[in-house]
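A.B. asks: Provided herewith is a single structure, encoded as structure tokens, for subsequent inquiry.
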Amino acid sequence: MSDKKYRIVIADDSAIIRGLLEKAFGRESDFEIAASVSNGRKAVDFVRDNPVDAVVSDVDMPEMNGLESLKILTEEFNIPVAIFSENIANKNEALERGALLFALKPPLSEFKIQNLEPLIKKLREKLSDKVTSSSQPSPSPVSAKSDDFSIKEFAKDASLTHKKIEKQQEGEYKILCIGASTGGPSAVQAVLSGLDKDYPLPILYAQHIDTGSDSKMALWFKTVCSNIPFSLAEDGEVARPGHVYMAPADVHLVIDYINSQGLPVLKLSHEPEEHFLRPAVNKLFRSAAHFYKEGVLAVLMTGMGRDGAEGCQSIVKEGGFTIAEDESTCAVFGMPKAAIEMGAAKEVLRREKIAERLWELS
Numbered sequence: 001m002s003d004k005k006y007r008i009v010i011a012d013d014s015a016i017i018r019g020l021l022e023k024a025f026g027r028e029s030d031f032e033i034a035a036s037v038s039n040g041r042k043a044v045d046f047v048r049d050n051p052v053d054a055v056v057s058d059v060d061m062p063e064m065n066g067l068e069s070l071k072i073l074t075e076e077f078n079i080p081v082a083i084f085s086e087n088i089a090n091k092n093e094a095l096e097r098g099a100l101l102f103a104l105k106p107p108l109s110e111f112k113i114q115n116l117e118p119l120i121k122k123l124r125e126k127l128s129d130k131v132t133s134s135s136q137p138s139p140s141p142v143s144a145k146s147d148d149f150s151i152k153e154f155a156k157d158a159s160l161t162h163k164k165i166e167k168q169q170e171g172e173y174k175i176l177c178i179g180a181s182t183g184g185p186s187a188v189q190a191v192l193s194g195l196d197k198d199y200p201l202p203i204l205y206a207q208h209i210d211t212g213s214d215s216k217m218a219l220w221f222k223t224v225c226s227n228i229p230f231s232l233a234e235d236g237e238v239a240r241p242g243h244v245y246m247a248p249a250d251v252h253l254v255i256d257y258i259n260s261q262g263l264p265v266l267k268l269s270h271e272p273e274e275h276f277l278r279p280a281v282n283k284l285f286r287s288a289a290h291f292y293k294e295g296v297l298a299v300l301m302t303g304m305g306r307d308g309a310e311g312c313q314s315i316v317k318e319g320g321f322t323i324a325e326d327e328s329t330c331a332v333f334g335m336p337k338a339a340i341e342m343g344a345a346k347e348v349l350r351r352e353k354i355a356e357r358l359w360e361l362s
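Mapping the sequence shown onto our numbering, position 352 (from 1) lands on 352, and the numbers just tick up by one.
Structure representation (structure tokens):
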């Protein structure tokens with residue numbers, strides 16, 4: 001296998017499909033997810049300003065569909081595009097317009113990570129052939145020196161370990177907050193699968209999500225995590241222990257106040273976006289830190305950017321406990337990395353270890 005790392009953009013209007021693609025490609029050592037977007041226009045805009053090796057795109061998307069963006073990406077930017085569509089009728093037109101390959105997307109009910117192995121293998125072969133056959137191979141994407149980050153080196157400097165760092169008092173925590181972005185649905189699913197309705201804390205979850213996709217995602221979570229109640233948060237409702245409340249699209253999920261039983265009353269806020277994000281993980285985390293102080297337990301998982309890092313810092317400052325997902329299981333190690341670099345992660349754990357640790361701490 002080549003040492004080259006292929007930077008890809010995923011374009012699909014389904015957050016669930018994007019999450020599955022992110023997880024599948026994230027497990028491959030020779031692929032790197034440069035961006036994950038909801039339509040062709042966003043893919044074109046990203047490619048215009050960033051080094052990219054290929055785009056994996058759906059066809060039926062709002063604003064600009066995959067065939068329209070395919071033409072721009074291949075002709076203007078010479079970027080290879082793999083079309084991943086559930087409609088076989090799109091195949092001929094996609095290939096005629098210059099698609100590198102066409103792969104048929106299975107129904108969501110039959111969708112498994114394993115389904116993506118042929119697509120990944122074929123894309124790898126096509127990209128490898130393209131580089132080999134070119135008389136002037138495309139230069140490797142430029143990576144900032146600040147991204148040259150070794151979790152082991154940093155853990156040594158910050159005295160972080162992948163084991164328990166502090167002995168916590170049983171029942172010390174009153175609320176669990178989870179934040180994620182790129183690759184988040186599958187990551188959070190892995191954690192929630194290890195919890196259940198008897199988990200003693202209310203669970204508030206902020207996920208970067210496109211408008212119109214939140215109901216579908218909530219339904220998906222209810223299907224794959226039937227072990228624990230899950231719903232979109234509603235304005236003014238009381239968050240109960242052993243129940244997951246996810247921020248709807250385009251609103252911030254925060255705590256309005258704590259009721260007489262010590263439970264959080266939720267608020268859906270239309271305050272401005274924070275760093276172009278709404279919902280923002282920072283908003284949720286800071287809100288929890290404000291009301292519950294040292295009683296906050298938080299998990300920051302896979303995602304692009306830095307959202308959630310400042311929120312983790314607020315929680316730690318108030319005496320709460322934060323867990324950052326380890327780089328080895330992240331689809332994109334942006335948000336957890338930012339928290340770790342700020343000294344705002346009290347513990348760093350692989351995804352499959354987080355649920356067990358949450359039980360220990362709660």
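Where is the CB? At the ideal position from N, CA and C, for every residue including glycine.
Starting from Arg357 and walking both ways along the alpha helix (DSSP H), at which residues does that stretch end?
C.D. replies: 351-361
A.B. asks: How long is the line joining the alpha carbons of Gly179 and Ile79, rounded to whole angstroms?
C.D. replies: Cα to Cα, the separation comes out at about 32 Å.
A.B. asks: Quick one, which of Ile88, Ala89, Ile228, Gln207 has its alpha-carbon nearest Gly305's?
C.D. replies: Gln207
A.B. asks: Please state the DSSP three-state secondary structure of Lys267.
C.D. replies: Residue state, collapsed to three classes: strand.
A.B. asks: Please list, in chain order, all residues of the same chain as Phe333 whose beta carbon is under 6 Å from its beta carbon, the five residues on each side excluded.
C.D. replies: Glu327
A.B. asks: From Met335 to Glu310, what does the alpha carbon distance come to, in whole angstroms?
C.D. replies: 10 Å
A.B. asks: Within 8 Å of any Cβ in chain B, is that where the Cβ of Val52 sits?
C.D. replies: Of the protein chains in the structure, only one exists, and it is not chain B.
A.B. asks: Residues in its own chain within less than 8 Å of Ala158 by CB, not counting five upstream and five downstream?
C.D. replies: Only weak support is given to the placement of Ala158: the predicted model assigns it a pLDDT of 36, under 50, and the value that follows is read from those uncertain coordinates. Hits under 8 Å: Ile340, Gly343.
A.B. asks: Let me check one thing: in DSSP terms, what residues is Val56 bridge-paired to?
C.D. replies: Ile10, Ala82
A.B. asks: Between Arg7, Pro272, Val191, Ser231, which has its C-alpha nearest Val299's C-alpha?
C.D. replies: Val191
A.B. asks: Taking the beta carbon of Ser146 as the centre, do at least 16 other beta carbons fall within 10 Å, making it buried, or is it exposed?
C.D. replies: For Ser146, the predicted structure reports a pLDDT of 30, less than 50, and the residue's modelled location is therefore unreliable. A value from the coordinates is still provided. When all chains shown are included, Ser146 counts as exposed.
A.B. asks: Examine the Cβ distances between the stretch 234-252 and the stretch 263-275 and report whether three or more of them are shorter than 8 Å.
C.D. replies: Yes: the two stretches touch, three or more of their Cβ pairs being nearer than 8 Å.
A.B. asks: If you drop the 5 nearest sequence neighbours on each side, which residues of the same chain put their C-beta closer than 6 Å to that of Tyr199?
C.D. replies: Gly242
A.B. asks: When you compare the stretch 2-22 with the stretch 91-99, are there three or more beta-carbon pairs, one atom per stretch, that lie closer than 8 Å?
C.D. replies: With a cut-off of 8 Å, the stretch 91-99 and the stretch 2-22 do not count as touching, because too few Cβ pairs lie within range.
A.B. asks: For Ala103, does the three-state DSSP call read helix, strand or coil?
C.D. replies: strand
A.B. asks: Give the secondary structure of Val191 by DSSP, where H, G and I count as helix, E and B as strand, and everything else as coil.
C.D. replies: helix
A.B. asks: Rounded to whole angstroms, what's the CA-CA distance from Ala43 to Ala345? Just pull it up for me.
C.D. replies: Ala43 and Ala345 have their alpha carbons spaced roughly 32 Å apart.
A.B. asks: Ordered along the chain, which non-local residues of its own chain (more than five positions away) have a Cβ less than 8 Å from that of Lys163?
C.D. replies: Because Lys163 sits at a pLDDT of 35, beneath the cut-off of 50, its placement in the model cannot be relied upon, and the following sentence gives the value as read from the coordinates. A distance below 8 Å between beta-carbons, with the five flanking residues on each side excluded, links Lys163 to no residue of its chain.
A.B. asks: Phe333 bridges to which residues according to DSSP?
C.D. replies: Gly303
A.B. asks: Are there 16 or more other CB atoms within 10 angstroms of the CB of Pro279, so buried, or fewer, so exposed?
C.D. replies: buried
A.B. asks: Do Tyr173 and Leu201 have their CB atoms nearer than 8 Å?
C.D. replies: At the C-beta level, Tyr173 and Leu201 come within 8 Å of one another.
A.B. asks: Which residues in the same chain as Glu274 place their Cβ atom closer than 7 Å to its Cβ, once the five residues preceding and following it in sequence are excluded?
C.D. replies: Ala280, Asn282, Lys283
A.B. asks: Using DSSP with H/G/I as helix, E/B as strand and the rest coil, what is Val142?
C.D. replies: The predicted model places Val142 with a pLDDT of 33, which falls under 50 and marks its position as unreliable; any figure quoted below should be read in that light. Val142 sits in coil when the DSSP states are folded into three classes, being neither helix nor strand.
A.B. asks: Would you kindly check if the distance between the Cβ of Ser287 and the Cβ of Leu20 is under 8 Å?
C.D. replies: no
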